[in-house]
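Novice: In this note's numbering, the protein residues as written are 46 to 302.
The beta-carbon is built from N, C-alpha and C at its ideal position, and this holds for glycine as well.
These numbers were taken from a predicted model, which means no experiment stands behind them.
Structural data, given as structure tokens:
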């Protein structure tokens, strides 16, 4: 067999030369197309689900968040492994898929399962941004003399996080700690009974009382004037003016109860 190949090569030198040139050209093209990285990404296709449950112990987070998510994500097509981590106020799940599965296909399959998970009120799981698992994780903390935890959290959410998201290569900024700025409405149960107002009425009024409304437009000659109803809250005092109900033609506001 070797003699026949050698004899053919000697009898057809032009064909052998062309074949050699073809192999060399293919090798050069493959070399230039070969991706070269200092730290090549050889990780599997992964989708991470992050859920915040502030103020709750790891045991409660695991029972009310992590376990329901694990049950819902079990059996996702082409998923091979599910890893979960629970800590104070945070649930972290990573779903690994088969090699060759498209990243967007995997994220879509996970996203389809999340709305059906029975979680506590106000808790919404989110999928982490599309990034490589071999990326770097950087942690930092904000400190300031005389600044309250609420002020630091506000600074983080509205200034620091937004600035970091504009940096090339930053996939996401996850904030933990501090206190989110909020306004509390303390109700007087005696007044509620006196005015015959239920708690649900107050909740509905608060949810609807912070919005603007459109009223079309008014025509005057060739001009049009837009009609707007401004109802967005600008200060704590505005909350007390939200109307809850009406008694004998008189509006009953939050400040009355």
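Just checking, does the stretch 229-248 make contact with the stretch 134-148 on the three C-beta pairs under 8 Å criterion?
Specialist: no
Novice: Would you call the CB atoms of residue 216 and residue 170 closer than 8 Å?
Specialist: Your numbering for residue 216 matches position 171 in the chain shown. Your numbering for residue 170 matches position 125 in the chain shown. Going by beta carbons, residue 216 and residue 170 fall outside the 8 Å limit.
Novice: Give the secondary structure of residue 195 by DSSP, where H, G and I count as helix, E and B as strand, and everything else as coil.
Specialist: Here residue 195 corresponds to residue number 150 of the chain shown, with the count starting at 1. DSSP places residue 195 in helix when its eight states are reduced to three.
Novice: Rounding to the nearest angstrom, what Cα-Cα distance links residue 197 and residue 183 in this structure?
Specialist: Residue numbering aside, residue 197 sits at position 152 when the chain shown is read from its first letter. Residue numbering aside, residue 183 sits at position 138 when the chain shown is read from its first letter. Spanning the two alpha carbons is a distance of roughly 19 Å.
Novice: Residue range of the alpha helix (DSSP H) that residue 244 falls in?
Specialist: Looking up residue 244 in the chain shown gives position 199. That run of the alpha helix (DSSP H) goes 244-253.
Novice: List the endpoints of the continuous alpha helix (DSSP H) containing residue 286.
Specialist: Position 241 of the chain shown, counting from 1, holds the residue named residue 286. Looking at the DSSP string, residue 286 is not in any alpha helix (DSSP H), and its letter there is neither H nor E.
Novice: In this structure, how does DSSP classify residue 181 when only helix, strand and coil are distinguished?
Specialist: Along the chain shown, one-based indexing puts residue 181 at 136. Note: residue 181 maps to coil in three-state DSSP.
Novice: Could you tell me the distance, in whole angstroms, from the CA atom of residue 122 to the CA atom of residue 160?
Specialist: For the purposes of this step, residue 122 is identified with residue 77 of the chain shown, where counting begins at 1. For the purposes of this step, residue 160 is identified with residue 115 of the chain shown, where counting begins at 1. Their backbone Cα atoms lie some 17 Å apart in a straight line.
Novice: Enumerate, from N- to C-terminal direction, the unbroken beta strand (DSSP E) stretches of 3 or more residues contained entirely within the stretch 56-133.
Specialist: 91-97 and 124-132
Novice: What distance in whole Å lies between the Cβ atoms of residue 278 and residue 255, which are believed to be in contact at a cut-off of 8 Å?
Specialist: As a working mapping, residue 255 is identified with position 210 in the chain shown. As a working mapping, residue 278 is identified with position 233 in the chain shown. Residue 255 to residue 278, Cβ: 5 Å. Contact.
Novice: Mind checking who residue 270 pairs with in its DSSP beta bridge?
Specialist: In the chain shown, the residue the question calls residue 270 occupies position 225. Partner(s): 263.
Novice: With respect to the beta strand (DSSP E) encompassing residue 297, which residues constitute its N-terminal and C-terminal limits?
Specialist: Sequence index remark: in the chain shown, residue 297 carries index 252 (1-based). 295-298 is the span of the beta strand (DSSP E), which, as asked, contains residue 297.
Novice: Could you give the C-beta distance for residue 158 and residue 102, rounded to a whole number, given that I count them as a contact under 8 Å?
Specialist: The sequence position of residue 158 within the chain shown is 113, counting from 1. The sequence position of residue 102 within the chain shown is 57, counting from 1. So it is not a contact: roughly 26 Å between Cβ atoms.
Novice: Please confirm if the stretch 244-261 is in contact with the stretch 284-301, defined as three or more CB-CB distances below 8 Å between the two stretches.
Specialist: Below 8 Å, enough C-beta pairs join the stretch 244-261 and the stretch 284-301 to call them touching: three or more.
Novice: Report the partner residues of residue 136 according to the DSSP bridge assignment.
Specialist: Mapped onto the chain shown, residue 136 falls at position 91. Answer is 96 and 131.
Novice: Is the beta carbon of residue 246 less than 8 Å from the beta carbon of residue 289?
Specialist: In the chain shown, the residue the question calls residue 246 occupies position 201. In the chain shown, the residue the question calls residue 289 occupies position 244. With contacts defined as CB atoms closer than 8 Å, residue 246 and residue 289 qualify as a contacting pair.
Novice: Excluding sequence positions up to five away, which residues of its chain have a Cβ less than 8 Å from the Cβ of residue 301?
Specialist: Residue 301 sits at position 256 when you count from the first residue of the chain shown. Excluding positions up to five away in sequence, the list reads 236, 240 and 289.
Novice: Over the uninterrupted alpha helix (DSSP H) stretch that includes residue 229, give me the two end residues.
Specialist: As a first step, residue 229 is located in the chain shown; it is residue number 184 there, counting from the start. Run containing residue 229: none; DSSP gives neither H nor E here.
Novice: Alpha helix (DSSP H) containing residue 209: first to last residue?
Specialist: As a working note, residue 209 is residue 164 in the chain shown. Looking at the DSSP string, the run of the alpha helix (DSSP H) that includes residue 209 is 206-210.
Novice: Report the option in 291, 50, 274 and 248 whose CA atom is closest to the CA atom of residue 258.
Specialist: Position 213 of the chain shown, counting from 1, holds the residue named residue 258. Answer by Cα proximity: 274.
Novice: Check whether the Cβ atoms of residue 96 and residue 110 sit closer than 8 Å, and answer yes or no.
Specialist: Position 51 of the chain shown, counted from the start, is the residue given in the question as residue 96. Position 65 of the chain shown, counted from the start, is the residue given in the question as residue 110. Their beta carbons are under 8 Å apart, which means residue 96 touches residue 110 by this criterion.
Novice: From what residue to what residue does the alpha helix (DSSP H) around residue 186 run?
Specialist: For the purposes of this step, residue 186 is taken as the residue at position 141 of the chain shown. Per DSSP, residue 186 is not a residue of any alpha helix (DSSP H), being assigned neither H nor E.
Novice: By Cβ distance, which residues of its chain are closer than 6 Å to residue 151, with the 5 residues on each side in sequence left out?
Specialist: On the chain shown, position 106 is the one that residue 151 refers to. Result list for residue 151: 90, 92 and 142, in chain order.
Novice: Considering only DSSP beta bridges, list what residue 291 is partnered with.
Specialist: Position 246 of the chain shown holds residue 291. Answer is 296.
Novice: Which one of 200, 268 and 212 has the shortest CA to CA distance from residue 221?
Specialist: Within the chain shown, the letter at position 176 stands for residue 221. Minimum Cα distance to residue 221 is reached at 200.
Novice: Between which two residues does the alpha helix (DSSP H) containing residue 151 stretch?
Specialist: Residue mapping note: residue 151 aligns to position 106 of the chain shown, counting from 1. Here the alpha helix (DSSP H) through residue 151 covers 148-158.
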